[in-house]
Ligand code: HEM
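Protein chains in written order, with my numbering: chain C, 36 to 357; chain F, 15 to 227.
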């Protein structure tokens with residue numbers, strides 16, 4: 036069971052919609068908005084409606100054991116405040132610019148050190164796996180966090196079906212490259228396509244999932260439709276989106292942010308409050324949705340999953356392998 | 015030709031109100047008027063104030079060149095007010111960081127100012143702006159005389175620091191900071207070119223004088 040525990044700022048948020056009947060609330064906003072002739076709010080609503088229209092409900096069951104007992108962020112927050120540079124570098128760009136992106140049909144190319152390789156449809160990749168809901172905190176390297184109810188399957192279960200060989204020490208992932216549908220890919224802010232990777236034991240960890248949905252529905256484009264990675268003890272940029280390639284490798288694969296700024300973003304990118312980003316502190320984070328009068332909260336080692344994952348890094352100098 | 019009365023009575027108040035609009039926009043949005051501030055309101059407020067602080071700095075820096083290019087001496091009458099708006103927005107940007115983002119968490123604040131180069135640079139720019147704001151009154155202008163102009167040349171390094179602060183803060187997309195950097199480069203480069211030209215002219219004039227004598 037997900038136990039509701041109020042978070043700072045919740046009371047203000049809940050009250051606003053509970054005291055005011057929704058219709059009155061909306062019309063008041065619309066009136067004021069129209070009076071100011073800004074129209075931007077209305078455009079924003081259009082985007083979220085479109086995102087809703089493109090998603091479909093999923094059948095799943097909640098994995099309470101591996102879920103946080105925290106109230107998730109609103110669907111609106113999760114789908115309008117994103118880092119997905121393929122659609123632009125602003126937080127609002129992904130929801131604004133991802134309307135043309137087509138996540139169906141979809142296929143994934145599996146290659147490298149495995150007995151079974153080839154190109155598989157998304158349906159093939161997911162076949163036989165029961166979808167689970169996992170409520171995880173997403174800690175962005177920019178020192179903010181959100182709680183998100185993902186729908187997905189353990190990555191380990193999928194990878195095992197391809198029978199990785201003993202040479203498979205790492206797994207590399209690749210995002211689709213479609214500049215026509217992804218306007219951000221027409222500029223060189225990062226090297227395209229976006230690539231990420233995990234050590235095989237990280238990939239096989241029960242907390243690591245491939246997500247296909249959130250809040251009970253398929254992923255909206257701006258959140259990485261139709262298939263993305265979630266590694267909850269690592270910074271958000273490890274969670275590569277719109278995956279079209281999975282490759283088993285013997286050597287550590289290159290990763291996009293590390294290529295872009297090697298002194299700032301490492302291969303491991305484990306959430307660690309004691310190792311700062313060179314340009315900002317990682318000791319505390321801003322909780323999205325907590326309201327603008329609430330303070331930052333302390334960041335937890337491995338984003339709160341120290342008990343589950345610390346043994347993966349035993350003996351490693353986490354300052355060096357950041 | 016623009017009469018000083020027209021500038022003082024109409025143009026200056028109009029510009030004053032225009033300069034307040036970004037602030038009013040933020041306040042309205044904070045009260046959910048015309049939309050909200052998005053999922054991360056603190057960041058939105060801080061970024062908007064920082065952006066406008068930088069814009070007003072650049073606009074202030076552009077006044078003198080524009081006066082020459084457009085032959086519009088009355089523009090100078092707006093310059094001090096624009097500079098004060100730059101200071102106001104930067105100060106609010108800083109206070110947002112101090113109060114809303116850091117929540118007066120002093121150990122983090124002091125560490126950031128000392129250790130994070132982009133914050134150290136921004137802070138230096140803010141500190142350098144303070145004497146300019148304090149000496150922006152007519153009385154101070156009179157009292158300082160020639161030194162006033164010298165002191166207010168601090169705006170040049172301040173603009174460079176501000177652009178640098180912005181450039182260093184972005185994660186990967188440096189396109190916007192580079193646009194600001196080019197504008198500042200043109201505005202400062204023009205001044206350099208003008209003083210160079212003035213001094214070579216003065217030199218050739220005195221050489222001519224010496225020859226004639
Ligand atoms: C002349 C002085 C300053 C100017 C013109 C300026 C301008 C800016 C600009 C344009 C940005 C980028 C906003 C964006 O991403 O859209 C920014 C970000 C930032 N500034 Fe400043 N700033 C100044 C001083 C300061 C000071 C004194 C501090 C704190 C001590 C500060 C702290 C920050 C921080 C923390 C950010 C990053 C905000 C974020 O994460 O979004 N700045 N500033």
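We treat Cβ as the ideally placed atom computed from N, Cα and C, and that holds for glycine. All values reported here derive from a predicted model rather than from experimental measurement.
For the set 207/C, 161/C, 201/C, 285/C, the Cα lying nearest the Cα of residue 189/C is the one of 161/C. In the DSSP assignment, residue 70/F falls within the unbroken alpha helix (DSSP H) covering 55 to 84. DSSP places residue 122/F in the uninterrupted alpha helix (DSSP H) bounded by 120 to 129. At a cut-off of 8 angstroms, the beta-carbon of residue 86/F does not count as near the ligand HEM: no heavy atom of the ligand is closer than that.
Going by DSSP, residue 39/F is part of the alpha helix (DSSP H) stretching over 26 to 44.
With respect to chain C, the C-beta atom of residue 41/F has no partner C-beta closer than 9 angstroms.
Cβ proximity to chain C below 8 angstroms picks out 42, 44, 46, 47, 48, 49, 50, 51, 52, 53, 54, 55, 56, 57, 59 from the stretch 33 to 66 of chain F. In this structure, residue 275/C lies near residue 210/C, with their beta-carbon atoms less than 9 angstroms apart. Using a Cβ-Cβ cut-off of 9 angstroms, residue 186/F is close to 120, 124, 224, 225, 292, 295, 296 of chain C, given in chain order.
The alpha carbon of residue 109/C has as its nearest neighbour, out of 20/F, 70/F, 101/F, 54/F, the alpha carbon of 54/F.
In the DSSP annotation of this structure, the continuous segment of the alpha helix (DSSP H) that includes residue 291/C starts and ends at 291 to 295. By a beta-carbon distance limit of 8 angstroms, residue 63/F contacts residue 103/F. Their separation comes to about 5 angstroms.
Residue 268/C has its Cβ no nearer than 8 angstroms to any heavy atom of the ligand HEM. Boundaries of the beta strand (DSSP E) harbouring residue 179/C: 179 to 189, taken from the DSSP string.
Residue side-chain check: residue 60/F places its Cβ nearer than 8 angstroms to a non-hydrogen atom of the ligand HEM. Counting along the chain, the unbroken alpha helix (DSSP H) around residue 173/F starts and ends at 169 to 183. Scanning 156/C, 172/C, 152/C for the CA closest to the CA of residue 102/C turns up 172/C. Short of 6 angstroms from the beta carbon of residue 150/C, and not among the five residues preceding or following it, lie these beta carbons of its own chain, in chain order: 198. Among the residues of chain C, none has a CB under 7 angstroms from the CB of residue 215/F; the nearest is roughly 45 angstroms distant. The ligand HEM has a heavy atom closer than 8 angstroms to the beta-carbon of residue 132/F. When Cβ pairs closer than 8 angstroms are counted between the two stretches, the stretch 331 to 345 of chain C is seen to touch the stretch 250 to 268 of chain C, the count reaching three or more. Look at residue 114/F: its C-beta is under 9 angstroms from a C-beta on chain C. For residue 154/C, the enclosing beta strand (DSSP E) stretches over residues 153 to 156.
Linking residue 73/F to residue 310/C through their CA atoms gives a straight-line distance of about 39 angstroms. If you look at residue 104/F, you'll find it in the alpha helix (DSSP H) that goes 90 to 109. In the structure shown, residue 343/C adopts helical secondary structure according to DSSP, grouped into three states. Of 204/C, 314/C, 139/C, the smallest CA-CA separation from residue 278/C is found for 139/C. Chain C has a Cβ within less than 9 angstroms of the Cβ of residue 117/F. The closest CA to that of residue 287/C, considering only 206/C, 219/C, 351/C, is found on 206/C. Within chain F, the residues whose beta carbon sits less than 8 angstroms from that of residue 115/C are 52, 53, listed in sequence order. For a Cβ distance threshold of 7 angstroms, nothing in chain F lies close to residue 149/C: the least Cβ distance comes to about 33 angstroms. Straight across, the Cα-Cα distance linking residue 125/F with residue 325/C is about 25 angstroms. Close to chain F, meaning a Cβ-Cβ distance shorter than 9 angstroms, are the following residues of the stretch 321 to 334 of chain C: 321, 323, 324, 326, 327, 328, 329, 330, 331. Neighbours of residue 316/C in chain F, taken as residues at a C-beta separation under 9 angstroms, are given in chain order as 122, 125, 126, 129, 130. For residue 178/F, there are no neighbours in chain C by C-beta distance under 7 angstroms, as the nearest C-beta there is about 13 angstroms away.
Using beta-carbon distances, residue 189/F counts as an interface residue toward chain C, with a partner under 9 angstroms.
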